[in-house]
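This report concerns only the one structure given below.
In our numbering, the protein residues as written are 55 to 531.
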């Protein structure tokens with residue numbers, strides 16, 4: 055019987071990533087006006103407020119508004135120390151995996167029967183996600199008799215979100231419209247509202263500020279770093295170009311902190327915008343193409359003269375950098391190299407954990423022949439942008455790969471239910487001709503679906519002023 059060798063990429067949440075490689079070596083809408091205090095609904099259309107000239111001194115920016123909300127006694131951004139140890143023990147019991155420990159202690163390689171499994175060097179819950187989970191659990195423990203709501207999935211992890219539902223945390227329902235609106239009518243006086251790791255829009259923050267509720271903000275500090283960047287764009291009179299997916303929760307929140315913005319999903323869309331900058335084009339076609347991905351009143355003939363780059367933290371770092379270089383060249387071509395700094399600015403806002411997990415799967419793919427890999431199994435939420443990007447890496451390299459969201463995706467009949475790159479959910483026979491034992495695959499997948507990284511990495515590099523809540527001391531840059 056052939057020896058099966060596999061690479062496992064555990065990408066289990068946002069920006070958490072996990073991967074295995076298996077190889078067979080035989081291997082209703084609301085505006086930003088006073089109606090905000092009356093309506094229980096918020097839609098994407100409320101994000102498109104009229105731009106302010108924030109370069110004038112004395113004009114309150116959206117960052118200023120956010121800070122005013124965060125300064126109140128009913129706003130919690132550092133967790134609850136009184137229940138922290140209890141929650142820590144609970145999380146270790148829930149997520150710790152002996153299989154993960156065995157892999158880590160054996161140089162990320164495991165031999166079981168005729169299966170060889172290679173675990174990606176970087177995997178599992180990143181620091182920001184672990185922090186978000188801990189704060190949500192702490193909130194439930196700290197407020198045992200209060201009604202808790204969460205504005206979205208805490209992270210893109212069905213096990214974690216399912217656990218929160220078991221803890222009687224209510225998920226704010228979406229209205230079902232194309233604008234991505236939410237129905238906050240169930241949020242009442244005295245309730246507690248949890249903001250997820252992706253953050254919340256400024257309109258949602260304003261709504262909660264108008265209600266008699268307490269807010270627990272679990273926003274990942276890397277996301278807050280992006281918001282600080284777009285605030286700087288505003289202060290310098292720049293249009294924010296956001297590399298991201300316009301309907302993604304994080305990008306929705308980021309856009310809400312901008313005054314003038316446009317969202318580009320990939321290099322193809324960026325090239326379209328860059329061509330318009332240099333050569334002009336059909337204005338109406340441009341507006342139609344980006345109708346869901348730009349601020350209200352956006353004018354490509356005037357709002358592309360000065361640009362600042364930001365990103366959804368889970369996008370490809372290499373693609374974000376390439377898009378930045380593209381816009382820099384376009385502005386240089388339009389305005390000349392001497393004045394390019396007046397027309398383009400960027401900062402690195404890619405999450406380190408995202409890049410580390412992408413690098414880890416690249417490392418597996420680049421060594422697939424030496425390792426004898428037959429396929430890569432990516433484990434993570436099906437709606438996780440981060441996980442989806444990990445799947446693309448081996449598939450683009452011609453290596454068989456599957457994206458599952460839980461151990462139950464692997465069936466006893468040697469089938470696998472997985473998410474394809476185009477988003478469809480597919481069930482197919484996977485393991486029959488390769489003789490991979492079902493019980494081994496299921497055991498591995500289940501272990502990783504419910505595991506925290508056991509030797510957690512140090513927190514990402516950013517200043518301690520962004521948050522004081524951490525499981526480990528923050529390393530200064």
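Glycine is no exception: its CB is placed at the ideal position from the N, C-alpha and C atoms.
Reduced DSSP secondary structure (H/G/I, E/B, other) of residue i
i, result
"residue 196", "helix"
"residue 259", "helix"
"residue 272", "coil"
"residue 189", "helix"
"residue 454", "coil"
"residue 293", "strand"
"residue 346", "coil"
"residue 366", "coil"
"residue 395", "helix"
"residue 372", "helix"
"residue 170", "strand"
"residue 237", "strand"
"residue 429", "strand"
"residue 149", "helix"
"residue 113", "coil"
"residue 326", "helix"
"residue 340", "helix"
"residue 228", "strand"
"residue 360", "coil"
"residue 302", "coil"
"residue 155", "helix"
"residue 447", "helix"
"residue 162", "coil"
"residue 208", "coil"
"residue 403", "coil"
"residue 284", "helix"
Buried/exposed call for residue i, threshold 16 Cβ in 10 Å
i, result
"residue 250", "buried"
"residue 266", "exposed"
"residue 414", "buried"
"residue 146", "exposed"
"residue 328", "buried"
"residue 363", "buried"
"residue 392", "exposed"
"residue 124", "exposed"
"residue 371", "buried"
"residue 356", "exposed"
"residue 132", "exposed"
"residue 219", "exposed"
"residue 160", "exposed"
Sub-9 Å separation of residue i and residue j beta-carbons
i, j, result
"residue 317", "residue 297", "yes"
"residue 170", "residue 461", "no"
"residue 294", "residue 369", "no"
"residue 380", "residue 309", "no"
"residue 224", "residue 210", "no"
"residue 416", "residue 447", "yes"
"residue 283", "residue 134", "no"
"residue 348", "residue 272", "no"
"residue 236", "residue 205", "yes"
"residue 382", "residue 394", "yes"
"residue 186", "residue 274", "yes"
"residue 343", "residue 326", "yes"
"residue 444", "residue 422", "no"
"residue 290", "residue 244", "no"
Cβ-Cβ separation, residue j to residue i (assumed contact under 8 Å), whole Å
i, j, result
"residue 241", "residue 129", "In fact, because the Cβ distance is near 15 Å, the residues do not count as touching under 8 Å."
"residue 361", "residue 398", "5 Å"
"residue 184", "residue 141", "Actually they do not touch by this definition, with Cβ atoms about 11 Å apart."
"residue 435", "residue 212", "6 Å"
"residue 247", "residue 195", "With a Cβ gap of about 16 Å, residue 247 and residue 195 do not count as contacting."
"residue 121", "residue 259", "Not confirmed; about 11 Å, so no contact."
Own chain residues within Cβ distance below 7 Å of residue i, not counting five before or after
i, result
"residue 332", "384, 387, 388"
"residue 367", "69, 276, 277, 280, 304, 403, 404, 405, 408"
"residue 479", "471, 473"
"residue 376", "321"
"residue 449", "455, 475"
"residue 420", "none"
"residue 340", "330, 354"
"residue 437", "210"
"residue 483", "468, 469"
"residue 337", "354, 355"
Nonlocal neighbours in the same chain, by C-beta distance under 6 Å from residue i, ignoring five residues either side
i, result
"residue 117", "285"
"residue 157", "164, 173"
"residue 481", "469, 471"
"residue 253", "273, 277, 307"
"residue 335", "none"
Closer than 8 Å: residue i CB and nearest the ligand ADP heavy atom
i, result
"residue 385", "In terms of ligand content, the structure shown is empty, and the ligand ADP therefore cannot be addressed."
Cutoff 8 Å; reference residue i; Cβ partners in own chain excluding five residues on either side
i, result
"residue 373", "297, 320, 321"
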